[in-house]
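Peer 1: Okay, here's the structure, questions in a sec.
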Amino acid sequence: MIEKTKIICVNTLDPWWNLSIEEYLLDRVGENECILYLWQNQNTVVIGKNQNAWRECRTDLLESEGGKLARRLSGGGA
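Counting from 1421, one number per residue, gives the positions in the sequence shown under our numbering.
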């Protein structure tokens, strides 16, 4: 049963910062605790830990348009 709920909203658009905070919160969430972490990135493709970036996105176009490519701790699609 959830005994404690936290809502965390951030205003940074940095994907690596946002993903690192997500991982930090995941490692420290209590057994009966729920955390809602709200964030967004700017011009970013986030891929799962097992994905091949060159198969999942057009890395040349992403780079030429100033986009960012970030990898998250968990698996799953882009």
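C-beta: ideal position from N, C-alpha, C; glycine also.
Just so we're clear, the structure is a prediction, and the values are computed from it rather than from any experiment.
Among all the DSSP beta bridges, which residues are the ones paired with Ile1455?
Peer 2: Here the question's residue 1455 lines up with position 35 in the sequence shown. According to DSSP, Ile1455 bridges with Lys1426.
Peer 1: Taking 8 Å as the cut-off, decide whether the C-beta atoms of Gly1463 and Gly1487 are in contact.
Peer 2: Within the sequence shown, numbered from 1, the residue matching residue 1463 stands at position 43. Within the sequence shown, numbered from 1, the residue matching residue 1487 stands at position 67. Sequence inspection shows Asn at residue 1463; the Gly mentioned does not correspond to that position. Yes, Cβ-Cβ distance for Asn1463 and Gly1487 is below 8 Å.
Peer 1: Per DSSP, what kind of secondary structure is Arg1475 in: helix, strand or coil?
Peer 2: As a working note, residue 1475 is residue 55 in the sequence shown. Helix.
Peer 1: Beta-carbon within less than 7 Å of Thr1425's beta-carbon, same chain only, minus the 5 sequence neighbours each way: which residues are those?
Peer 2: Counted from its first residue, the sequence shown places residue 1425 at position 5. Closer than 7 Å at Cβ, skipping near neighbours: Cys1454.
Peer 1: Inspect the beta-carbon positions of Gly1468 and Ser1494 and report whether they are closer than 8 Å.
Peer 2: The residue labelled residue 1468 in the question sits at position 48 within the sequence shown. The residue labelled residue 1494 in the question sits at position 74 within the sequence shown. Cβ distance < 8 Å, so Gly1468 and Ser1494 count as in contact.
Peer 1: Among Ala1490, Tyr1444, Thr1432 and Arg1448, which one has its Cα closest to the Cα of Asn1511?
Peer 2: Here the chain comprises residues numbered 1421 to 1498, so residue 1511 is not present and cannot be evaluated.
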